[in-house]
Structure formats: structure tokens, C-alpha cells
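First to last, the sequence lines map onto chains A and B.
Counting along the first sequence from 1, when you hit position 84 you're at 84 in this note's numbering, and nothing is skipped either side.
In short: position in the second sequence from 1, add 1000, done, that's this note's numbering.
No residue lacks a Cβ here, since even glycine has one placed at the ideal position from N, Cα and C.
Following: one structure in C-alpha cells, then a few remarks.
Number of protein chains: 2
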Amino acid sequence: MARGARLDGNALRTQRTVERILGESLRLFNERGEAHVTAGMIAGALDMSPGNLYYHFRNKDQIVEQLFARFAERVDLDPPPVADAASAIENLWLYLHLMLEAIWEFRFLYRNLDDLLARNRKLRDPFNHILDRKRAVVIGLCEGLARAGSMRASADEIRVLAANVLVVATYWLNFQALRGRRDAVSPQDLGQGAYQVLALVSPYLQGDARRHLDRLGRQYLA
Amino acid sequence: MARGARLDGNALRTQRTVERILGESLRLFNERGEAHVTAGMIAGALDMSPGNLYYHFRNKDQIVEQLFARFAERVDLDPPPVADAASAIENLWLYLHLMLEAIWEFRFLYRNLDDLLARNRKLRDPFNHILDRKRAVVIGLCEGLARAGSMRASADEIRVLAANVLVVATYWLNFQALRGRRDAVSPQDLGQGAYQVLALVSPYLQGDARRHLDRLGRQYLA
């Protein structure tokens, strides 16, 4: 604790309650789908009176918005520019890994995405902002690989590739849920998703770079 | 009319009414989203009493199921096996073109797909059956190209590629709607979708085959 900071018991208790509500909401949203969870169910799961919950959050949408803000913070990453191909591939892999971890942790946002964004218009622009950022990062990493001679792709091909990376990363969990003939997705689906995304990039890579990426990708299938 | 066939006025009138209901439902579902259209709105748009509509269809789900059956018929295509690479690429392109036309014509099925399949469980297995068929066709076409020496891809790579083809083709319209900051998608979005899907296949192709596919793909951007 910083020197001079006051320990405010009330503020701490409030913060702890807010955290408990957000944590339990995230768990329930991920497990049952956000549309099937009410504020009352969240309060019930926490042994909390609905009044206490409504004291901290006006309604369920506000909980969703707070969780979305945390997701947005998690994925606000900017890989440093690198000169050599090996580092660019490590960066691409690490970036994708962190992205998919965040998507997994907040997976309720991605299930029934259209429905969620249609019902809560406030999330639409920030979500697109995140996609814009991801697109810029993927394009930047690919351009670095092309400059280093490790990727053979025109500027047009990189643009089209980046869009496909976003589509597969965004909808993979939905696709798995659709294909799996079951309601829940598993962490294995996420690993398969990472593999699918890396497979989009791989055919554009040359020699060592391609072998390096394919080796990293296969780790997800272990 | 075949010799000996009877002209049954009642059956013809019934058939014509069923067609009008299905046609108007498809138009409204595509325009407004299936969830926002009621059976009453369909009857109203046709200047038909709700009773008359309910005489032909028990409820809106039954209309959706009939439209789905027509969509399934439309995409039940089986490209003939071919020996040379040029024909295989023409087949791939034609297959994709017909697929995307059908997706466009019945685009309400693809918007809020998870939601629709969650609400109408009867559509889930047939939809997966269509995806299974599409997957088999894409794999077959790629294997033909690999045998002809026009595609450099292992059996594993073809499997992963086919999954990415399905994801991008299935979710492209949703992604565009999300990205477009508007509710409606346009036929241009579909052309871009075809281009995106062909771009998945292109980097695995060699020489003439790749140039041929890229040329076909660019037609969609015109």
C-alpha cells in the first residue's frame, strides 16, 4: 500500500462485493448463456438479496457492460515491432494465444454474438473497435514477415488474410457448438481454433518460418 | 400437362396459396430477421386472414421448416469427379457460387444462426447434415487438385482447410453485418464472401491453377 493511502473499509467491502457479482455473473453467463441468466439468479447464486445486487448494478445490462470493459482491457495488446522473422512468428503465436484465452474466459460474449449486440447497442462500437485493433495487429505482423522475406503475400493478400483470421477467431466457438451437437464448448475447442487460425497464415510462409509456425500450431492439438 | 392428368382446381389453388405464403415469408424474414416477423405480419402483408394462413401452416416454425427444406434441396449438389485441374477449379468455383447464391436467397437462416437453431431444434441435425455434405465436397475437390499436382497440401492440411472454408462461408454475412455498423447486408457482401473463401484455397495452389482461381475470384469484386 502506498504511503499516505487511507484504508477505507467501506470502499473495500463495496469493491469486494462488485468483484463477487462480476465473477459469479461471468461464470453463469459462460455456463448457461447470458440470455438465460437473470439478475435474480445471480443474486441467488451469491446468497445475496436482489436489493443488494441492484444497489451495485442498475440491471443485468450494466453487469454485461462491465464484463465487456474488462474483456476489452484484456485484449488491448500491442506487440512490439520486431526485425527478424522468428520473433515475428513468436509474436503472432503469442498474440493469438492471449486473444483466444481472453475469448475463452469471456466466451459468453461470442456465443450468440449477433443477438447480444442487437440487444445491447452500447457494445457494438467498442466490439468493432476491438476488431479494428486486432486487424491492425495481424496486418502489422504479416507485413513484418513479408519484409523479412518469410512471407510471400501481396498487400491485398494480407488484407484478405487478416479478415479471414478475424472471422475464424470470432466464430470458431459458435461453429464448434453448432457442429458438436451439444450446448457446451470445451477448452479443446479453443486449441483447435488456434490451430485453425494458424493454418490460415501457414501456407503464405516460406521454409523455416512455415516449419516454425506449424510446430507451434501443433502444440494446440496435444 | 401430361396426357390423362386431371386438372384439380382446388389442389392448384391450395398450392398457389402455399407458394405465396412461403415467398412472402422468405422476403420478410430476410428483410427484418425471422425473430421479428410474426405469422400475423405475414398474413397482413398478403392481405390474407390469419385463419387462412393457419389453415395452411400450423405456426411460424412450420413455415421456417418448409423454407429450410427448400434451402436444403437447393444446396444438395454433388459435383462430378473430374480428372484435370482446370475442371476441378471450375467445379470448385461453380460449387461455391451456387452455395453462396443459396445462402444469399435464404440469408435469414444464417443471421442469428445459433439463436434460430437453439429455438428450433428440428433444424439442427439437417443443418449439420448440409455442413457434412459441403465438407465432403470441398475435401473431394481439393484431393482431386492434389492428385492432379495443382495443389500442394497434405491430407491434414486439406481437412483443416475444409473446416476454415465452412466457417468463413457460414459466418461471413454475420461478420459483415457486425462490421458494417448497419442491419442489412447487400449482394456486394456476398461477392466479398466468395472472394474471401477462394482466398483460403488459393495459397495451396500451384502455378496456372492459382492464377486461374485468382482470376475467377476477382470477378466477385467487380
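By the 10 Å Cβ neighbour count, where 16 or more other Cβ atoms means buried, how is residue i classified, buried or exposed?
| i | result |
| --- | --- |
| Tyr54 of chain A | exposed |
| Asp1008 of chain B | exposed |
| Gly1170 of chain B | First, the amino acid is wrong: residue 1170 of chain B is Thr here, not Gly. Buried, since its Cβ has 16 or more Cβ neighbours within 10 Å. |
| Ser1049 of chain B | exposed |
| Ser1186 of chain B | exposed |
| Leu1144 of chain B | One point to set straight first is that residue 1144 of chain B is Gly, not Leu, in the sequence displayed. Flag for Gly1144 of chain B reads buried. |
| Asp84 of chain A | exposed |
| Gln196 of chain A | buried |
| Gly207 of chain A | exposed |
| Leu221 of chain A | exposed |
| Ser1154 of chain B | exposed |
| Ala1069 of chain B | exposed |
| Asp156 of chain A | exposed |
Just how far apart, CA to CA, sit residue i and residue j?
| i | j | result |
| --- | --- | --- |
| Asn10 of chain A | His36 of chain A | 33 Å |
| Arg124 of chain A | Asp61 of chain A | 13 Å |
| Ser1087 of chain B | Pro1080 of chain B | 10 Å |
| Ser1025 of chain B | Arg1107 of chain B | 12 Å |
| Val1168 of chain B | Leu1161 of chain B | 11 Å |
| Ser1202 of chain B | Phe1175 of chain B | 22 Å |
| Gly1051 of chain B | Ala1045 of chain B | 14 Å |
| Ala1118 of chain B | Val82 of chain A | 45 Å |
| Tyr110 of chain A | Arg1147 of chain B | 39 Å |
| Gly1180 of chain B | Asp47 of chain A | 42 Å |
| Asn30 of chain A | Gly1040 of chain B | 35 Å |
| Asp1214 of chain B | Arg1152 of chain B | 16 Å |
| Ala1199 of chain B | Gly1217 of chain B | 8 Å |
| Val138 of chain A | Tyr204 of chain A | 14 Å |
| Arg58 of chain A | Leu1141 of chain B | 55 Å |
| Asn112 of chain A | Asp1114 of chain B | 6 Å |
| Asn1120 of chain B | Gln188 of chain A | 27 Å |
| Gln219 of chain A | Arg210 of chain A | 15 Å |
| His1212 of chain B | Ile1089 of chain B | 8 Å |
| Leu178 of chain A | Ile1158 of chain B | 21 Å |
| Asn1164 of chain B | Leu100 of chain A | 17 Å |
| Asn1091 of chain B | Arg1032 of chain B | 34 Å |
Closer than 9 Å by beta-carbon distance: list the chain B residues that pair up with residue i, in chain order.
| i | result |
| --- | --- |
| Tyr220 of chain A | Those within 9 Å of Tyr220 of chain A in chain B number zero; the least Cβ separation is about 12 Å. |
| Asp115 of chain A | Ala1035, Asn1112, Asp1114 and Asp1115 |
| Gln188 of chain A | Under the 9 Å cutoff, chain B gives no residues; its nearest Cβ is about 14 Å from Gln188 of chain A. |
| Gln206 of chain A | Going along chain B, no residue has its Cβ under 9 Å from Gln206 of chain A, so there is no contact; the nearest lies around 12 Å. |
| Tyr55 of chain A | Neighbours of Tyr55 of chain A on chain B: none; closest Cβ ~32 Å, over 9 Å. |
| Leu141 of chain A | Per Cβ cutoff of 9 Å: no residues; Leu141 of chain A is ~17 Å from chain B at best. |
| Leu92 of chain A | Those do not exist, as Leu92 of chain A stays about 16 Å from chain B at its closest Cβ, beyond 9 Å. |
| Leu26 of chain A | Simply none; closest approach about 19 Å. |
| Leu123 of chain A | Under the 9 Å cutoff, chain B gives no residues; its nearest Cβ is about 11 Å from Leu123 of chain A. |
Which residues in the same chain as residue i place their Cβ atom closer than 7 Å to its Cβ, once the five residues preceding and following it in sequence are excluded?
| i | result |
| --- | --- |
| Leu77 of chain A | Tyr95 and Leu98 |
| Leu12 of chain A | none |
| Phe172 of chain A | Looking at the sequence itself, residue 172 of chain A is Trp, so the reference to Phe does not match. For Trp172 of chain A, where only same-chain residues beyond five positions count, the Cβ hits under 7 Å are Gly193 and Gln196. |
| Arg74 of chain A | Ala102 |
| Leu1166 of chain B | Leu1131, Lys1134 and Arg1135 |
| Glu34 of chain A | Val64, Phe108 and Leu116 |
| Gln1066 of chain B | Leu1022 |
| Ala72 of chain A | Pro126 and Ile130 |
| Lys1122 of chain B | Glu1065 |
| Leu28 of chain A | Val37, Met41, Ile42 and Ala45 |
| Met1001 of chain B | Bear in mind that the predicted position of Met1001 of chain B carries a pLDDT of just 48, short of 50, making it unreliable; the figure below should be weighed with that in mind. None. |
Leaving out five residues before and five after residue i in sequence, what residues of the same chain have Cβ atoms less than 8 Å from its Cβ?
| i | result |
| --- | --- |
| His56 of chain A | Thr14, Thr17, Val18 and Ile21 |
| Ala43 of chain A | Ser49, Pro50, Asn52 and Leu53 |
| Gly149 of chain A | Ala85 and Gln206 |
Against residue i, what residues of chain A qualify as contacts under a CB-to-CB distance less than 8 Å, listed in chain order?
| i | result |
| --- | --- |
| Asn1174 of chain B | Leu113, Asp114 and Tyr171 |
| Leu1200 of chain B | Asn164 and Leu200 |
| Leu1100 of chain B | The contacting residues do not exist; Leu1100 of chain B stays about 14 Å from chain A at best. |
| Leu955 of chain B | No answer is possible for residue 955 of chain B: it lies beyond the span of chain B, which begins at 1001 and ends at 1222. |
May I ask you to list the residues that DSSP assigns as paired with residue i?
| i | result |
| --- | --- |
| Glu205 of chain A | One detail in the question is off: residue 205 of chain A reads as Leu in this sequence, not Glu. DSSP, once it has assigned bridges, lists A:Met151 as partnering Leu205 of chain A. |
Apart from the five residues just before and just after residue i, which ones in its own chain have a Cβ nearer than 6 Å to its Cβ?
| i | result |
| --- | --- |
| Trp104 of chain A | Leu190 |
| His129 of chain A | none |
| Trp93 of chain A | Leu216 |
Give the interface partners of residue i over in chain A, defined as CB-CB distance under 9 Å, in chain order.
| i | result |
| --- | --- |
| Val1064 of chain B | Going along chain A, no residue has its Cβ under 9 Å from Val1064 of chain B, so there is no contact; the nearest lies around 17 Å. |
| Gln1196 of chain B | Val160, Ala163, Asn164 and Val167 |
| Pro1080 of chain B | Simply none; closest approach about 27 Å. |
List, in order along the chain, the chain B residues whose C-beta lies closer than 7 Å to that of residue i?
| i | result |
| --- | --- |
| Val138 of chain A | Correct list: empty, because the minimum Cβ distance to chain B is about 14 Å. |
Could one say the Cβ of residue i lies closer than 8 Å to chain E's Cβ atoms, at least one of them?
| i | result |
| --- | --- |
| Pro1203 of chain B | In the structure shown, chain E cannot be found, because the protein chains are A and B. |
Name, please, each residue of chain B whose Cβ falls closer than 8 Å to the Cβ of residue i.
| i | result |
| --- | --- |
| Leu96 of chain A | Correct list: empty, because the minimum Cβ distance to chain B is about 15 Å. |
| Leu109 of chain A | The contacting residues do not exist; Leu109 of chain A stays about 12 Å from chain B at best. |
Note down, in chain order, every chain A residue with its Cβ under 7 Å from the Cβ of residue i.
| i | result |
| --- | --- |
| Leu1067 of chain B | Ordered by position in chain A, no residue passes the 7 Å Cβ test against Leu1067 of chain B, which lies about 19 Å from the chain. |
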